[in-house]
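For the sequence shown, my numbering puts the final residue at 1723, and the numbers step up evenly by one.
Quick notes on the structure that follows.
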Amino acid sequence: MAWGQAFGQPAHPPKVQGPWMDKTLSPDKRADMLIEQMTLDDKIQMVHGTGWGALRPGAPIPAGSNEGAGFIPGIERLGIPAINMADSAVGVRMAAGESRYATLLPSTLGAAASFDPEAAYLYGSVIGRELRDQGYNMSIGGGVDLIREPRNGRNFEYAGEDPILAGTMAGQLMKGLQSQQVMGDIKHYAFNDQETGRNILNVILDKRSMRETDLLAFQIAIKIAQPAGVMCSYNKVEGDWACENDYLLNQVLKKEWSFQGWVLSDWGGTHSTNKAALNGLDQEMPGDRFFGAPLKKAVDSREVPEARLNDMVHRILRSMFACGVIDNPPVRSVVDPFQGLEDARHIAEESIVLLKNEGNLLPLDAARVKSIALIGSHADVAVLSGGGSAQVDPPGGDPVTHLKGGSPWMHPVWFPSAPLKQIRALAPGATVQYNDGADLAAAAQLAKQSQVAIVFVNQYMSEGMDAATLSLPDNQDALVSAVAAANPRTIVVVESGGPVSMPWIANVKGVLEAWYPGIGGAQAMAAILFGEVNPSAKLPVTFAKSDADLPHPRVPGIELKPAGRPPAFDVDYTEGLKVGYKWFEAEHKEPLFPFGYGLSYTTFAYSALKADGNARTVTFDVKNNGKRDGTEVAQVYVSLPSAAGEPFKRLVAWKRVPLKAGESKTVTLQLDPLYVSIFNVEKDGFEVLPGDYQAFAGPLKAEFRISR
Ligand code: BGC
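This is the structure in structure tokens:
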């Protein structure tokens, strides 16, 4: 039996007692001591690995491999453990094949809607805990590409359209994950903002826009989490592949941000040996085409200095020491599904956004409601999950497709979290009937004979594809319209990867955006529908009325057929700095629901906003005006002096403020100077411009003059 195949055993070889095992030494020192003992072959072995098992078809699975997405063999002689990497964006992937359990958390986009850094930290720690239990010592989750393209298939794995919110949430998530002594990763660096043509497209974007949008999100996340890894993306940026892009990797990530960990390529995203090595890539994944024998040859011939190879290996080893995977390797044990469910449910309760509640139809009164029609989206048995490498396997199989074991690629996978059961549990006096929504007339008929109709709609999204439109697929808009026409008390629950359009919005009384809500999703939805939980989440992404209002009315390149070899193409992000809500404000477009929006079952009032002259702090009062306890996500936006040329506000700070009915609190928020800065391309740095700034909190506005 290979190392790590049994419970209770470290998943990696035993420790060797070299001087580098002295824990009082710094991770850097320990890494250097190890490198002194390594041969050229040892070093080359560390800078590439295998994926999902064997290096080549037919080759044996290396001993010690967990058969996750990535594996780098250890060096037993030196006590260097293997690196077992798992995709784990929203929970640990590929568990079922090994008869293991993994908790499906709400999508990270949903978690971002909580605006709760503690929830993000908890999220990461759940994944870290379960990775350890499964014998992994590295996560390759941690997506933080900005939602520039609301139809991007991977938006559910990211953290929204605002760089400060996304960076904070992804950073806290990775910090929580690494708190479990598992190595983390932030990806896909950078500008992998759409899936269509991701392997061939070239992003065109000016430097200032790069630095103030997607790269700012990475900068913040990396600063918070100090992750072991950064995964470079598939696409090109300004003419160079991201995985051999000197500006992104050497100049910005390593030099300016002082990133200490290593850069690994997205799977198959390495394109060269010398250029990639010299421009900052530290590890080819998976395979050895560039960083196997060709790199050895390049080092032998000094085309790539050995010092650069040492730097690659140093970055890997120092991260292994810093994260504790050498001193405290994971020990296989059984995942605790109950703790996972509890944590997932808690995060889901903070993630679900109440978008509409006309006439306060919600929360439903369990004592008074006598009949409920539940319609569509397999709400009798399941909730939807997102696909691709963020796919988690449903425990016990998929209750809709009845498939068991490993999940299919790019096909909807449903999780056994049944809204019907949870709604029945909270409304024991009501008749709750389900209709699958396939026959509009039958669905409308059930709605008509019920006091309340709850329509569940969904949008399946996955890595490897984008939605062609914001519209719900499969005739679901017609379903909602038919039900709403039959019952004026219609509530819509949306399970989507990202924003969707809602042409029926005026005809329904309530809307909940539940994202992909995870294994605790049904409980969380029911708790909100019946008021056991007062919703507090806010949109981390703008919901447009229609595709026509977006910067790119069609996803660039979407007309290219995936079959054959489509030609490379440019994606010119002409919106530049105006990502998401900034686009809508600058272009004077009215969204369906703005960024930061979300209702509660109570109401909040803001007063007494003050800002200090240095734009360092803002203070204001928030009051719960209603009769229920609730939590307000108090958000502060700032607009910059006109010299900045930014005709929109920026989110710069926020805080979740729990308030009892009638209670008032004074909130003081610090403003990070970086968050009110602009990037000066000539000076190649961020700066705070002199001039007048305006701060907004909730419905209030204050002005202050900055002094320098
Ligand atoms: C994805 C990555 C993922 C990797 C390994 C790639 O296709 O873009 O996010 O980590 O595969 O599964």
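From the three backbone atoms N, C-alpha and C, an ideal C-beta is built for every residue, glycine too.
Kindly indicate if chain B contains any beta-carbon less than 8 Å away from that of residue i.
{"i": "Val1508", "result": "You won't find chain B in this structure, because it holds only one protein chain."}
By alpha-carbon positions, which one of the options ends up nearest to residue i?
{"i": "Lys1604", "options": "Gly1641, Asp1564, Pro1352", "result": "Asp1564"}
{"i": "Val1556", "options": "Ala1583, Ala1537, Glu1528", "result": "Glu1528"}
{"i": "Tyr1652", "options": "Gly1645, Gly1106, Lys1716", "result": "Lys1716"}
{"i": "Leu1161", "options": "Gly1079, Ala1620, Gln1209, Gly1479", "result": "Gln1209"}
{"i": "Arg1665", "options": "Asp1255, Leu1279, Tyr1475, Asp1177", "result": "Asp1177"}
{"i": "Pro1344", "options": "Ser1654, Gln1196, Gly1452", "result": "Gln1196"}
{"i": "Lys1698", "options": "Arg1333, Gly1033, Ala1462, Arg1223", "result": "Arg1223"}
{"i": "Ala1232", "options": "Gly1073, Ile1201, Leu1216", "result": "Ile1201"}
{"i": "Leu1575", "options": "Leu1216, Leu1435, Leu1704", "result": "Leu1216"}
{"i": "Thr1183", "options": "Val1159, Lys1463, Ile1142", "result": "Val1159"}
{"i": "Phe1353", "options": "Glu1145, Arg1323, Asn1639", "result": "Glu1145"}
{"i": "Ala1381", "options": "Ala1445, Met1425, Met1225", "result": "Ala1445"}
{"i": "Asp1315", "options": "Leu1379, Leu1055, Asn1152", "result": "Leu1055"}
{"i": "Ile1059", "options": "Asp1492, Thr1228, Pro1309, Lys1270", "result": "Pro1309"}
{"i": "Asn1695", "options": "Gly1660, Arg1720, Phe1719", "result": "Gly1660"}
{"i": "Pro1705", "options": "Pro1414, Cys1258, Ser1692", "result": "Ser1692"}
{"i": "Ile1387", "options": "Asp1358, Pro1518, Gln1460, Ser1422", "result": "Gln1460"}
{"i": "Ile1367", "options": "Gly1533, Pro1503, Ala1069", "result": "Gly1533"}
{"i": "Ser1194", "options": "Gln1241, Val1570, Gly1546, Ala1456", "result": "Gln1241"}
State yes or no: is the C-beta of residue i nearer than 7 Å to some heavy atom of the ligand BGC?
{"i": "Ser1404", "result": "yes"}
{"i": "Lys1251", "result": "no"}
{"i": "His1286", "result": "no"}
{"i": "Ile1155", "result": "yes"}
{"i": "Trp1256", "result": "no"}
{"i": "Ala1382", "result": "no"}
{"i": "Glu1478", "result": "yes"}
{"i": "Trp1272", "result": "no"}
{"i": "Ala1084", "result": "yes"}
{"i": "Trp1282", "result": "yes"}
{"i": "His1426", "result": "no"}
{"i": "Asp1102", "result": "yes"}
{"i": "His1203", "result": "yes"}
How is the alpha helix (DSSP H) around residue i delimited, first residue to last?
{"i": "Glu1702", "result": "No alpha helix (DSSP H) contains Glu1702, which is instead part of the beta strand (DSSP E) from 1700-1702."}
{"i": "Ser1496", "result": "1491-1501"}
{"i": "Ala1620", "result": "Run containing Ala1620: none in the alpha helix (DSSP H); it sits in the beta strand (DSSP E), 1619-1626."}
{"i": "Pro1320", "result": "It is not in any alpha helix (DSSP H) - Pro1320 carries neither H nor E in the DSSP assignment."}
{"i": "Met1225", "result": "1222-1227"}
{"i": "Asn1366", "result": "Reading off the sequence shown, one finds Ser at residue 1366, where the question assumed Asn. 1352-1366 is the extent of the alpha helix (DSSP H) around Ser1366."}
{"i": "Lys1463", "result": "1455-1463"}
{"i": "Ile1142", "result": "1132-1148"}
{"i": "Trp1598", "result": "1596-1601"}
{"i": "Asn1294", "result": "1289-1294"}
{"i": "Gln1209", "result": "Neither: Gln1209 is in no alpha helix (DSSP H) and is coded neither H nor E."}
{"i": "Gln1437", "result": "1434-1441"}
Per DSSP, which residues does residue i bridge with? Please list them.
{"i": "Lys1532", "result": "In the sequence as presented, Lys is not what sits at residue 1532; that position holds Pro. Per DSSP, none; premise fails for Pro1532."}
{"i": "Gly1302", "result": "Gly1064"}
{"i": "Lys1680", "result": "Val1637"}
{"i": "Phe1711", "result": "Tyr1652, Lys1716"}
{"i": "Asn1099", "result": "Phe1086"}
{"i": "Tyr1612", "result": "Answer is none; Tyr1612 lacks a bridge partner."}
{"i": "Asn1473", "result": "Glu1510"}
{"i": "Asp1200", "result": "Gly1244"}
{"i": "Met1153", "result": "Met1100, Met1198"}
{"i": "Trp1429", "result": "Leu1399"}
{"i": "Gly1256", "result": "One point to set straight first is that residue 1256 is Trp, not Gly, in the sequence displayed. In the DSSP output, where bridge partners are listed per residue, Trp1256 has Lys1251."}
For the beta strand (DSSP E) holding residue i, just list the boundary residues, first then last.
{"i": "Leu1055", "result": "Taken as a continuous stretch (DSSP letters only), Leu1055 belongs to no beta strand (DSSP E), being part of the alpha helix (DSSP H) at 1055-1061."}
{"i": "Arg1664", "result": "The identity of residue 1664 in the sequence shown is Lys, whereas the question assumes Arg. Here the beta strand (DSSP E) through Lys1664 covers 1664-1674."}
{"i": "Met1246", "result": "1244-1247"}
{"i": "Asp1585", "result": "1585-1587"}
{"i": "Leu1119", "result": "From DSSP, Leu1119 is part of no beta strand (DSSP E); its letter is neither H nor E."}
{"i": "Ile1390", "result": "1386-1390"}
{"i": "Thr1446", "result": "1446-1450"}
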